Structures are given as structure tokens and as C-alpha cells.
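For the sequence shown, the UniProt record's numbering gives the first residue as 1, with consecutive numbering after it.
This report refers to the structure that appears directly beneath it.
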Amino acid sequence: MSGKAFKLGIMGGTFNPIHQGHLVAAEFIRDEFNLDEVLFVPSGKPPHKDSNEIAPPEHRWMMTVLATASNEHFSVSSLEIERVGESYTRETILQLKKIYPENTECYFITGADAIAEISTWHKTEDLSQITKFIAASRPGYKLDIKSIDSRFQECTYLIEIPALTISSTEIRKRIKEKRTIKYLLPEAVEKYISKNNLYISG
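Structure representation (C-alpha cells):
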């Protein structure tokens, strides 16, 4: 297929829960890199996370759908949630390349802290050939591009996002302590968490 490339941002994450920081980052990056779509991909069984505090995947998926519904450029995939076993970036990108048009350019959006450890990811040998990376960081977080695995330096873009000071960990902590989480995440997600009694124990 010829013509202008379709630029797809892929925002993987646990989204446990999704919050305003994720949404601001996705929209900021979409605008900055002129992406046609940002696809949120909630992880099924993330290999690098302790599963004790992770809400069931169907709840994390629904919260992500609720949070992104008002933005026409955002969509949500259940691809990793439906996959049996642990979720890996490479498999996800290869599956998406089969679903989207062949002129699609993939931009995998992740945190600067995660990209710094990319050499520990599963099957990284051809990752730089199938996607570019956008590494988002909080203000004050310094990541030297030269410190990243040399295979990924030319395909990685660094960007600072002020709203990333919000964290899912802090939100879960506040819920357990019965403190307000208003304005840290979309109202629809706040109501969903309350209705389903998520994060109140553990």
C-alpha cells in the first residue's frame, strides 16, 4: 500500500488504574508526533509487575475504555488481556501489524525508566526494526540517550510530560486510606472504582 503512512501510537501499561497523567501524556505525544491514533493496550499478565495489587484485567480494560471515550483519536485493545500467558511488547506489536494497514508506522509509548532497561525485555533482537519508541519522563528525570542499549538509540525519542507526576501507586494508596482521588483520574473511572470496590484491600 502506498501513500501517507498511518502513524499509530501504542500505549501499553497495566493501567491499574488509568489516570489523568496517562491521558495527558497520550494526547501530548499524539500532538507532538502527529500520530493518527493512540491505541491503549492494557496488559494481561505483565512480566515485570507484582500481581498482588493488580485489579482483574476486565476491570482495567473497562476503566481504560471509560477514560478514553471522549477522545476520537484514542482507542483501546483487549489483545494482551485475551492472550494466554505473560504479555510481551514484541508479540503485541507483531499482532497489531497484522491488524492495521501495511503502511502503518508503530510508535511504542513507554516510560523513560522502562526504556532504560530495554535490554532486559523479552526477545529484543528485532524490536528496533518493527517499531520506534517514545520515552516519556517526569520533569527532572534525566535520561541520557547514550545510556540506552545502542540498538535502540536511533529509534527512541525522549519527551518530558509534566502530568506524569501522578501515579497509579499513589492513587491505590489513597483509596486504601479512604482519601480523595478526585481530579487525579476521570470521573467515570473514579465512579467505576467505587462501584466495583477496587483497591480497597491488599
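Glycine included, each C-beta is placed from N, C-alpha and C at the ideal position.
On a predicted model such as this, the values are computed, not experimentally measured, just so you know.
Under the three-state DSSP convention, the category residue i falls into
| i | result |
| --- | --- |
| residue 207 | The structure shown has nothing for residue 207, since the chain only spans 1 to 202. |
| M1 | Any answer about M1 is weak, because its pLDDT of 47 lies below 50 and its placement is not dependable; what the coordinates show is given next. In the structure shown, M1 sits in coil (DSSP, three-state: anything other than H, G, I, E or B). |
| S77 | coil |
| K195 | helix |
| V84 | coil |
| V189 | helix |
| G140 | coil |
| P57 | helix |
Residues near residue i in its chain [Cβ-Cβ closer than 7 Å; skip 5 each side]
| i | result |
| --- | --- |
| L184 | H19, Q20, I166 and I171 |
| L94 | I130 |
| Y141 | A112 |
| V65 | V76 |
| N196 | H59 |
| W121 | T89 |
| I145 | Q153, T156 and L158 |
| S128 | R151, F152 and C155 |
| I118 | T124, I148, D149 and F152 |
| F74 | A26, V38, F40 and T68 |
| R30 | G9, V38 and H73 |
Nonlocal neighbours in the same chain, by C-beta distance under 8 Å from residue i, ignoring five residues either side
| i | result |
| --- | --- |
| E105 | A5, F6, K7, L8 and K132 |
Outcome for residue i when other beta-carbon atoms lying within 10 angstroms are tallied against a minimum of 16
| i | result |
| --- | --- |
| I200 | exposed |
| E177 | exposed |
| A136 | buried |
| R179 | exposed |
| I175 | buried |
| N16 | buried |
| residue 219 | Past the edges of the chain, shown from 1 to 202, lies residue 219, and the structure says nothing about it. |
Spatial neighbours of residue i in its chain, beta-carbon cut-off 6 Å, leaving aside the 5 residues before and after
| i | result |
| --- | --- |
| G44 | P57, E80, I81, R83 and S87 |
| Y107 | G9, K132 and I134 |
| L35 | K7 and G9 |
| K182 | none |
Identity of the residue in the options nearest residue i by Cα
| i | options | result |
| --- | --- | --- |
| H22 | D126, P42 and I99 | P42 |
| I193 | M62, G3, V38 and V24 | M62 |
| F40 | E27, I145, T124 and G85 | E27 |
| I109 | F33, E187 and A188 | F33 |
| A188 | S70, K98, E91 and E37 | S70 |
| residue 209 | E91, F74 and I29 | No answer is possible for residue 209: it lies beyond the span of the chain, which begins at 1 and ends at 202. |
| request: Say whether the region 65 to 82 touches the region 102 to 114, bearing in mind that this needs 3 or more beta-carbon pairs closer than 8 Å, one atom from each stretch. | output: No, because fewer than three Cβ pairs between the region 65 to 82 and the region 102 to 114 fall closer than 8 Å, the two stretches do not touch.
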